[in-house]
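I have placed the structure first, in the form of structure tokens, so that the comments after it can refer back to it.
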Amino acid sequence: MPELSLLADALVRATPLIIAGLAVAFAFRGGVFNIGAEGQLLVGAIAATAISLWAGPVLGRLTLFVALPGAAIAGAAWAGIAAELRRRFRVLEIISTIMLNFIAIHLVSFLVRGPLQEPTRIYPQTESLAEAARLPVILSGTRLHAGFAIAILLAVGFAWFFRRTALGFRIRATGAAPAAAWSAGRIDVGRTSYIVFLVSGGLAGLAGGIEVSGVTFALYENLSAGYGYTAIAVALIAGLNPLGVIASGIFFAFLETGALALQRDFAIPSSVASVAEALLILAALAVSSLRGRGIPGLKRVRPT
Amino acid sequence: MIALEPFLEGAVRTATPLGFAALGETITERSGIINIGLEGAIIAGAFGAFVAAGTGHVWIGFAGAAVAGMLVAALFAFFAIRIRADQIIAGTAISLMSLGLTATLYHQLYGATGAALSIPTMAVAEIPGLAAIPVIGRALFAQPPITYLLFVLVPCAWWWLYRTHSGLGLRAVGEDPRAAVAAGVPANRVQALAVLLGGMLGGIAGGVLVIAQAGSFAEGMSAGRGFIAIAIVVLGRWHPIGVALAALVFGAASALQYLFQAMGWSLPYQLFLALPYVLTLLGLAGIAGKSTAPASLGRWQDQP
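These protein sequence lines map, in sequence, to chains A and B. Numbering follows this note's numbering, with no gaps: position 36 of the first sequence is 36. To convert a position in the second sequence, counted from 1, into this note's numbering, add 1000.
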């Protein structure tokens, strides 16, 4: 059935968009302007690849249980650089996370031509992951892998977390009105946004790990088709709502796979998808501004 | 020290586009608006330069760059000033859109292979006498004429911002827009003008890349220079002279690779590619607390 495999392809593409979209939504909700999901995703992909290649032969089917948390930790650590710079030196995270994105791209480029290059040393990519280190397919006959289920569970989990837990409330309060959160709620705003930054980076890193274990099975330079940037559109169109991120992630996945089909069949460059994404963000901004309120939960904490 | 001269020449060459973009952003930020869409103005300027220089004249190319940069800035001004949307989100979306749109147009107009069109480039114009000064002569006075324009613009910008009534008005708007309005300064108009001027200089920065350096257009050739320029504005403490020096220091650091090559040291080339971004992070951390932004920078809540 070609329709089924088209649908599955779109859901495969939606997986990193949903998880990275959650990362961005989580950060923006907590008043952290993390534009660095792309870099955190790449670093997560590096970690998952390295762990799977080195420890895979020993761990066998348990590899995923080390590789995916490893990816999340690597992404959190990469975001941690920006979080530290913000906490200690008041460096704007918008700038620092974008710089870290570029550094991560060059890091991947270095690794796949250096220490992690495949044994024949011809192609700029790593060896392929062993079968045991890959995420299982959940819909036989298609490429749809277990990562999509993880993405849905994460979105539901975060929706519950924001609504039902004290930390979730503190994060929403910090993002919505940092001064009030501090004075009326005795919330340690600095600490809360630090945690938000790390969790956001961890989610983006996990998205990268899942992309390697479920789709590419190897690390190479163009592993991410700008998922970390699209994730910003995904999060904003969802109104920073975790359950909304599922819908907008799938929507953007269809938009992008559609653009790829246009490129293949009609030679229309797939970069039109990023134009459409940007226009959607701007339209959302215009609508919310003209209604006289910002995007819900989006008030910036100024680090100066 | 044979290697020193090409190193210094490389430093000034790298600093030129950054200097234009950062000078423009300095003017914009002094009016209280942070334009993250600067990256978009640069790539639009590069594309505009490529199209306009097809007529055969380099200065028409630069005019095309300036107009393209201003168009992008005008779109940003609508969102940031007319409807007071969040500047960071609007700027990010506009950068994303400009990168996608220029890539799409380039594919459509010049085909997937590109480079069908040869455009005139701006040759080096030595200033007789001055270019013969030992060590620094060629670096400063054997550059394309557009670089000399920057040499003139920097003191002009300083004069305007610090020694004229309208410059004082612009800085007043950046510190406290409501007080400026009360004092009779048309804050909205001043900010719109500052954004357009910033976009124009950002566009010219893109023009420098195409006409004075690469000689052709490539997708995403702005390569994060807009974001680096925003960091340079912080490093230069929002002062035209300081910003020009910061751009030069930055150019020098990026040109280190010429020095290393000349000395025969071999290091992975990705290290040099990543260096500008690493330096930006280190520089921002290094000036912590020593730099004060215009008081209302990026705060749409303060706006009249």
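Built from N, CA and C at the ideal position, the CB exists for glycine as well.
- Contact annotation: in the region 108–129 of chain A, residues whose CB is within less than 7 Å of a CB in chain B are S109, F110, G114.
- Neighbours of H106 of chain A in chain B, taken as residues at a C-beta separation under 7 Å, are given in chain order as Q1270, L1273, A1274.
- Assigned with DSSP and collapsed to three states, Y123 of chain A falls in coil, not helix or strand.
- Using a Cβ-Cβ cut-off of 8 Å, A27 of chain A is close to nothing in chain B; its nearest Cβ partner there is about 12 Å away.
- From the listed residues A:V199, A:T257, A:G175, the smallest Cα separation to V189 of chain A is found for A:G175.
- In the same chain as A1003 of chain B, and ignoring 5 residues on each side of it, the C-beta atoms closer than 6 Å to its own belong to L1259, A1262, in chain order.
- Within the region 1101–1131 of chain B, those residues whose Cβ lies closer than 8 Å to any Cβ of chain A are, in chain order, L1101, A1103, T1104, H1107, Q1108, A1112.
- Along the region 260–280 of chain A, the positions whose C-beta sits under 7 Å from a C-beta of chain B are P269, S271, V272, S274, V275, E277, A278, L279, read in chain order.
- In the assembly as shown, A267 of chain A is an exposed residue. Its beta-carbon has fewer than 16 other beta-carbons within 10 Å.
- Considering only beta carbons, no part of the region 189–213 of chain A lies closer than 9 Å to chain B.
- For Q1191 of chain B, the secondary structure class from DSSP, reduced to helix, strand or coil, is helix.
- Chain order gives the chain A residues near I1083 of chain B as A286, S289, L290, where near means a beta carbon separation below 7 Å.
- Not a single C-beta of chain A is nearer than 9 Å to the C-beta of F1260 of chain B.
- Contact of T1014 of chain B with chain A by beta-carbon distance below 8 Å is absent, the smallest such distance being about 15 Å.
- Secondary structure note for Y1148 of chain B: its alpha helix (DSSP H) is the uninterrupted segment 1145–1163.
- For the region 1218–1233 of chain B, the set of residues with a beta-carbon nearer than 7 Å to any beta-carbon of chain A comprises G1224, F1227, I1230, A1231, in chain order.
- The three-state reading of DSSP puts V1233 of chain B in helix, counting H, G and I together.
- For a Cβ distance threshold of 7 Å, residue set I103 of chain A lies close to V1278 of chain B, ordered along the chain.
- For T216 of chain A and R1030 of chain B, the gap between their C-alpha atoms comes out near 46 Å.
- At a cut-off of 9 Å, the C-beta of T1092 of chain B has a neighbouring C-beta in chain A.
- Under the Cβ criterion of 9 Å, I81 of chain A is counted among the residues facing chain B.
- Distances from the alpha-carbon of E1005 of chain B to those of B:L1161, B:L1248, B:P1134 put B:P1134 closest.
- When DSSP states are grouped into helix, strand and coil, V32 of chain A belongs to the coil group.
- By the rule that beta-carbons nearer than 9 Å mark a contact, I1089 of chain B touches chain A.
- A distance below 9 Å separates the beta carbons of V1195 of chain B and A1077 of chain B.
- Ranked by how close their Cα comes to the Cα of A45 of chain A, the residues A:G56, A:A23, A:A72, A:R170 have A:A72 in first place.
- Burial is judged here by how many other beta carbons sit within 10 angstroms of a residue's own beta carbon; H1057 of chain B has fewer than 16 and is exposed.
- With a beta-carbon spacing of about 29 Å, P1017 of chain B and E1175 of chain B fall beyond the 8 Å limit used to define contacts.
- Contact check for A1053 of chain B against I1211 of chain B passes: the beta carbons are separated by less than 9 Å.
- Judged by DSSP secondary structure, M1070 of chain B falls within the alpha helix (DSSP H) whose first and last residues are 1058–1077.
- With its beta carbon less than 9 Å from one in chain A, L1281 of chain B belongs to the interface.
- At a cut-off of 9 Å between beta carbons, L282 of chain A contacts chain B.
- Neighbours of A1285 of chain B across chain A, judged by C-beta separation under 7 Å: L85, F89, V91.
- For A1142 of chain B, DSSP records a beta bridge to B:E1126.
- A straight-line Cα-Cα distance of about 48 Å links I35 of chain A and P1128 of chain B.
- Three or more beta-carbon pairs drawn from the region 280–290 of chain A and the region 1089–1103 of chain B are found closer than 8 Å, and the two stretches are therefore classed as touching.
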